[in-house]
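Heads up, the thing below is written out as structure tokens.
There are 2 protein chains.
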Amino acid sequence: MNYARALLREVEGYTPGEQPKDPGVIKLNTNENPYPPSPRVLEAVHALGPDALRKYPDPLAVRFRELCAARYGYPGADWVVVGNGMDELLAMALRGFVDPGDTVLATYPTYSLYEVLCQLHGASLKYVDLDNHFQLTEEFFRTPARLCFLTRPNAPSGVAVPREEVARFCEGFKGIVVLDEAYTDFADDNCMDFPTRFENVIVMRTFSKSFSLAGARIGVAVAQPELINEFLKIKDSYNMDVFSQAVGCAAMDDYDDMLARVAKVRYSREGLRNKLLALGFDVPESQSNFLLAHWKGVPTARELYQQLAARRILVRYFSARRLENALRITVGTGDECSALVTALKGILSR
Amino acid sequence: MNYARALLREVEGYTPGEQPKDPGVIKLNTNENPYPPSPRVLEAVHALGPDALRKYPDPLAVRFRELCAARYGYPGADWVVVGNGMDELLAMALRGFVDPGDTVLATYPTYSLYEVLCQLHGASLKYVDLDNHFQLTEEFFRTPARLCFLTRPNAPSGVAVPREEVARFCEGFKGIVVLDEAYTDFADDNCMDFPTRFENVIVMRTFSKSFSLAGARIGVAVAQPELINEFLKIKDSYNMDVFSQAVGCAAMDDYDDMLARVAKVRYSREGLRNKLLALGFDVPESQSNFLLAHWKGVPTARELYQQLAARRILVRYFSARRLENALRITVGTGDECSALVTALKGILSR
Numbered sequence: 001m002n003y004a005r006a007l008l009r010e011v012e013g014y015t016p017g018e019q020p021k022d023p024g025v026i027k028l029n030t031n032e033n034p035y036p037p038s039p040r041v042l043e044a045v046h047a048l049g050p051d052a053l054r055k056y057p058d059p060l061a062v063r064f065r066e067l068c069a070a071r072y073g074y075p076g077a078d079w080v081v082v083g084n085g086m087d088e089l090l091a092m093a094l095r096g097f098v099d100p101g102d103t104v105l106a107t108y109p110t111y112s113l114y115e116v117l118c119q120l121h122g123a124s125l126k127y128v129d130l131d132n133h134f135q136l137t138e139e140f141f142r143t144p145a146r147l148c149f150l151t152r153p154n155a156p157s158g159v160a161v162p163r164e165e166v167a168r169f170c171e172g173f174k175g176i177v178v179l180d181e182a183y184t185d186f187a188d189d190n191c192m193d194f195p196t197r198f199e200n201v202i203v204m205r206t207f208s209k210s211f212s213l214a215g216a217r218i219g220v221a222v223a224q225p226e227l228i229n230e231f232l233k234i235k236d237s238y239n240m241d242v243f244s245q246a247v248g249c250a251a252m253d254d255y256d257d258m259l260a261r262v263a264k265v266r267y268s269r270e271g272l273r274n275k276l277l278a279l280g281f282d283v284p285e286s287q288s289n290f291l292l293a294h295w296k297g298v299p300t301a302r303e304l305y306q307q308l309a310a311r312r313i314l315v316r317y318f319s320a321r322r323l324e325n326a327l328r329i330t331v332g333t334g335d336e337c338s339a340l341v342t343a344l345k346g347i348l349s350r
Numbered sequence: 351m352n353y354a355r356a357l358l359r360e361v362e363g364y365t366p367g368e369q370p371k372d373p374g375v376i377k378l379n380t381n382e383n384p385y386p387p388s389p390r391v392l393e394a395v396h397a398l399g400p401d402a403l404r405k406y407p408d409p410l411a412v413r414f415r416e417l418c419a420a421r422y423g424y425p426g427a428d429w430v431v432v433g434n435g436m437d438e439l440l441a442m443a444l445r446g447f448v449d450p451g452d453t454v455l456a457t458y459p460t461y462s463l464y465e466v467l468c469q470l471h472g473a474s475l476k477y478v479d480l481d482n483h484f485q486l487t488e489e490f491f492r493t494p495a496r497l498c499f500l501t502r503p504n505a506p507s508g509v510a511v512p513r514e515e516v517a518r519f520c521e522g523f524k525g526i527v528v529l530d531e532a533y534t535d536f537a538d539d540n541c542m543d544f545p546t547r548f549e550n551v552i553v554m555r556t557f558s559k560s561f562s563l564a565g566a567r568i569g570v571a572v573a574q575p576e577l578i579n580e581f582l583k584i585k586d587s588y589n590m591d592v593f594s595q596a597v598g599c600a601a602m603d604d605y606d607d608m609l610a611r612v613a614k615v616r617y618s619r620e621g622l623r624n625k626l627l628a629l630g631f632d633v634p635e636s637q638s639n640f641l642l643a644h645w646k647g648v649p650t651a652r653e654l655y656q657q658l659a660a661r662r663i664l665v666r667y668f669s670a671r672r673l674e675n676a677l678r679i680t681v682g683t684g685d686e687c688s689a690l691v692t693a694l695k696g697i698l699s700r
């Protein structure tokens, strides 16, 4: 007998990027940070004793939320909710603000998880294509929906829509706008002040990228307290364990360490982009920690991906519309970027 | 403007038990284990280096699921799914097997989170009262529903319905049966073998109680692979962080340590129950790590709760039908139990 809900029958779930066991692989496929996190993070974890494990964690993660509020320029913890990774917060946004059957708006392309989350929730995702420069179109501004997921900088292109365009959109949109700023620490500017200006905006951040903490699963959402209160109603009582709360606090306390790492990635990003351009790739300017490298010709982008994998260099290939001729390449260390360029030169010169 | 879903307007969310900052409080209110976890658990956490934090955790938590399968007598990881606490798995069961508008069955009383989860999901919870001995009634057997939450041992009574009764129910019920075995390690027997016998049964466990790991948020569900596959579709991609996976594996590797702690709690439980009976409380035999102590008279149970709190001893009081004359008391260390009994004697003799 089939006990599952009918809406799950066609759902395949989200496919995370490969996580190879082989430590010799150069991993440029999941947008992890190539540099280690602040040493204070592990110190904070090591300082936890048996009692921290034995007891329930703070269900409201007050200290961490207060640190986030202070850092992001908000008056208090009631403007902030934290989650077990930003993915949990994205799912909660649907559960809080979208009824099954409602329409959700997103650009195309964008973070492919949104589509899975909408399927699981029974919501209808309406994609509106970005233009050829990965900018918003007038159709996007005109499309009504209960909620909009807007990734800035966009994934997988790395392009950031101008702040004023985002503001114009938030002002005119009648539903909730989730501004997914997963990669914004690598950008020139951000929209973290928007919740003070717009009652319908939720800004989300992850600690997986700029803070080098993908293993700790930490997400943050900032919005007006009325919206945050809905998240608090629906979240699992103890959704952040004692480790993640300690890690999040320690990382926030050492914010400059994150900024220094981000500067290194931004520097490598420009170098790598120039080398890819020189090899003949078409690469939009990225405000993120990855590059979307378009390639037309033989071998195909898919074959490039496969031949790189054979040389133990993983990048991300999406067999999806507008992306089938591209590779998404995480900006690694200088050595990792050089190894990639050398491998590409070898493949392309054969 | 109100952006929230209409179904959330009357939801207050779940109220976790108090977590006082004062370290001098005797905390018998949230069913934590009074003894520390296996030392191997913290060793496993301390062994994690910067790379474990920098990279994404195993999205499928394969090693931990394999250890659970082996321990619980199942052929492989495909019979197991793990979560960020058992609460996450309970919510996922609704998302996987219940459509909004469907009926969910539970006994009354039971774990009060089920009601909140049903509200959030838009499902209709049908309570059927347990009898005066906290046993299932024929009405419960006759009530159809898409899914049933059955807590064994029951919370907050601590009473375990006989295994054969549970089997008879699972056999006749047409929907999914979630057997919530959060407290089963403290019981004489369990139903962990039921998924081999019944295609509609999901057994759930938490590491918060017997394993002394409430801070680490670890839940486990066991069922036939077809059901587990639905959980894998709907779970957050990386729902268990790198710490919890390491902690869960280490705890499973030191299973005997957990059993030794459980034996101590069971011993204290019998001693505390006898003392409460001698003081005039009515206390059903508990198969759990807490006792439901009924009290009729003056002061009322609520007043007892308040007067204990004034003496810095926290127990749990529920202002709910059938529970308004009772205290739920977590079995603490021998010293904590003695302090409670002394305080109760003092209050009752005034």
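These protein sequence lines map, in sequence, to chains A and B. Note that the first sequence covers residues 1 to 350 in the working numbering. Note that the second sequence covers residues 351 to 700 in the working numbering. Glycine included, each C-beta is placed from N, C-alpha and C at the ideal position. All figures in this text were calculated on a predicted structure; none of them were measured in a lab.
- Burial state of B:Q656 is exposed, judged by a 10 Å Cβ sphere holding fewer than 16 other Cβ atoms.
- In terms of beta-carbon proximity, B:G647 stays away from the interface with chain A, with every pair separated by 9 Å or more.
- Residues are counted here when their Cβ sits less than 9 Å from a Cβ of chain B; for the region 309-330 of chain A the count is zero.
- Counting C-beta pairs with one atom in each stretch, the region 587-598 of chain B and the region 412-419 of chain B have three or more that are closer than 8 Å, which means they touch.
- Contact holds between the region 276-295 of chain A and the region 155-168 of chain A, because three or more Cβ pairs, one in each stretch, are under 8 Å apart.
- Taking B:L439 as the centre and dropping the five residues before and after it, the same chain places the C-beta of G433, M554, G569 and A571 closer than 6 Å to its C-beta, in chain order.
- Contact with chain B is absent for A:S112, since none of that chain's Cβ atoms lies less than 9 Å from the residue's Cβ.
- Taking the CA atoms as reference points, A:S112 sits about 18 Å from A:A293.
- For B:K524, the secondary structure class from DSSP, reduced to helix, strand or coil, is coil.
- In this structure, A:V341 keeps its C-beta atom at 9 Å or more from the C-beta atom of A:R269.
- Of the candidates B:L629, B:L378, B:H471 and B:M351, the residue whose Cα lies closest to the Cα of B:A659 is B:L378.
- Under DSSP, A:V203 takes part in a beta bridge, and its partners are A:L179 and A:V222.
- Counting along the chain, B:L698 sits inside the alpha helix (DSSP H) bounded by residues G684 to L698.
- Rounded to the nearest angstrom, the Cβ distance from A:V104 to A:L147 is 5 Å, consistent with a contact under 8 Å.
- Chain-order list of chain B residues neighbouring A:A91: D586, by C-beta distance under 8 Å.
- The C-beta distance from B:R616 to B:F536 rounds to 6 Å, short enough to meet the 8 Å contact threshold.
- Residues of chain B whose Cβ lies closer than 7 Å to the Cβ of A:S268 do not exist; the shortest such Cβ separation is about 16 Å.
- Judged by DSSP secondary structure, A:T330 falls within the beta strand (DSSP E) whose first and last residues are A326 to T330.
- Residue state for B:S587 is assigned as coil, using DSSP reduced to three classes.
- At a C-beta separation below 8 Å, A:P57 has these neighbours in chain B: A564, G565 and R567.
- Going by DSSP, B:T650 is part of no alpha helix (DSSP H) at all; its letter is neither H nor E.
- Assignment of beta-bridge partners to B:C498 by DSSP yields B:L455 and B:V527.
- Under a criterion of Cβ atoms nearer than 8 Å, the residues of chain A adjacent to B:L358 are, in order, G96, E230, K233 and I234.
- In the DSSP annotation of this structure, the continuous segment of the beta strand (DSSP E) that includes B:V432 starts and ends at V430 to N434.
- Chain-order list of chain B residues neighbouring A:L53: P386, P387, V391, L392, S562, L563, A564, G565, A566 and V597, by C-beta distance under 8 Å.
- According to the DSSP assignment, B:F491 belongs to the alpha helix (DSSP H) that extends over E488 to R492.
- If you look at B:F414, you'll find it in the alpha helix (DSSP H) that goes V412 to Y422.
- Closest in C-alpha terms to B:T534, from the list B:I526, B:S558, B:R518 and B:E549, comes B:S558.
- Chain order gives the chain B residues near A:M1 as E549 and N550, where near means a beta carbon separation below 8 Å.
- For B:P649 and B:Y477, the gap between their C-alpha atoms comes out near 30 Å.
- Judged by DSSP in its simplified three-state form, B:D539 adopts coil rather than helix or strand.
- Chain A has a Cβ within less than 9 Å of the Cβ of B:Y364.
- Taking a Cβ-Cβ threshold of 8 Å, the residues of chain A close to B:S594 are D241 and F243, in chain order.
- Checking the DSSP bridge columns, you'll see B:L641 partnered with B:I679.
- Counting other Cβ atoms within 10 Å of its Cβ, A:Y255 stays below 16 and is therefore classed as exposed.
- With 16 or more other CB atoms across the displayed protein chains lying within 10 angstroms of its CB, B:K405 is buried.
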